[in-house]
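Visitor: This is the structure, below, for whatever I ask next.
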Amino acid sequence: MNVGIFGANGRMGRVLIEAVQESSETTLTLATVRDDSPWIGMNVGDVAGVRNQTIACTGISTIQPDDVDVMIDFTLPAAFEHNVNWCVCNVVPLVLGTTGLNQAQEQILKDAAITIPIVYAANYSVGVNVMLALVKQAAKALGETADIEISEAHHRFKQDAPSGTAIAIGKVIADELKRDLDDCAVYGREGKSPVRDHNTIGFATVRAGDIVGEHTALFADIGERLEITHKASSRLTFAKGAVRAAEWLVQKKPGLYSMSDVLGLAES
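According to full-length UniProt numbering, the sequence shown is numbered sequentially starting from 1.
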């Protein structure tokens, strides 16, 4: 299967190159960078620090769909519309890991999924997606009595807060409890405040150093508490999950899929 990567010189782009190379099922045939990037024309192996790569980085406006079965995109929201439109125009499936999309962009994504198959996930780690299934079960059993808090930590360079994964955890819990996350989420506390509203879901965010990603869902009642935690130690975890999603997606019909679909957890 031939794979292309948008934003090949980014932090995730470089790891995706490594993950595609490690998979026996995939071959990297396209790697894009910005049109003004000094990486244009450079061997992707040199960009990612891996061997046995023979293709060169290509400017985003000059890419061609020849010999590409699926694209993977972990770039920033600013590049989202161009990338998804390119995939739609060329009928190329897309694995999307860009977080921080606004409502208009989410609608563009839904519209694109009418034409092409898309996997969209806030986090491609297999462990995180198992965690999402577990917090749904915890919410069902404990949500009516326990206070719920979600904490997350990432590296100093991450721009969106809370993380897309933290929001995904909160949404799974809120949906299970028939609550609207937009109404019940509390994203910060400072100074004196009224007694905690039991129906709220709290979020706490840390940005520091080179933390790859840590997420905890806390269900706290009087006398006991349950904590469900996932810690990632390498970005390669996310990249391998994205490659797994690409392998799964390439034969699917148009539609918007999740990592839970890829892993067979959708009905959990």
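Where is the CB? At the ideal position from N, CA and C, for every residue including glycine.
Residue 162 and residue 205 - do their beta-carbons sit closer together than 8 angstroms?
Guide: Against a cut-off of 8 angstroms, the Cβ pair of residue 162 and residue 205 comes out as a contact.
Visitor: Whose CA, out of 128, 24, 14, lies closest to the CA of residue 30?
Guide: The residue with the shortest Cα to Cα distance from residue 30 is 14.
Visitor: Enumerate in chain order the residues of its own chain whose CB-to-CB distance from residue 152 is below 8 angstroms, with the five nearest sequence positions on each side excluded.
Guide: Excluding sequence neighbours, residue 152 sits near 162, 163, 165, 166, 203, 204, 205, 206, 213, 214, 215, 216.
Visitor: Hey, could you find the ends of the alpha helix (DSSP H) residue 109 is sitting in?
Guide: It spans 103 to 112 - the alpha helix (DSSP H) in which residue 109 sits, taken as one unbroken run.
Visitor: Rounded to whole angstroms, what is the Cα-Cα separation between residue 107 and residue 118?
Guide: Between residue 107 and residue 118, the C-alpha separation is close to 13 angstroms.
Visitor: Residue 230: buried (16+ other C-beta within 10 angstroms of its C-beta) or exposed?
Guide: By the neighbour-count rule (16 or more Cβ atoms within 10 Å), residue 230 is buried.
Visitor: Buried or exposed: where does residue 9 fall if 16 or more other Cβ atoms within 10 Å of its Cβ makes it buried?
Guide: Residue 9 is buried by the Cβ-count criterion.
Visitor: Determine the closest residue to residue 141 out of 58, 69, 219, 251, with distance taken between C-alpha atoms.
Guide: Considering only alpha carbons, the answer is 219.
Visitor: Smallest Cα separation from residue 239: which of 147, 95, 225?
Guide: Ranking the options by Cα distance to residue 239, first place goes to 95.
Visitor: Can you grab the Cα-Cα spacing for the pair residue 76 / residue 170, in whole Å?
Guide: Going by the C-alpha atoms only, they are around 22 angstroms apart.
Visitor: Residue range of the beta strand (DSSP E) that residue 131 falls in?
Guide: First-last for residue 131: 126 to 142, but that is the alpha helix (DSSP H), not the beta strand (DSSP E).
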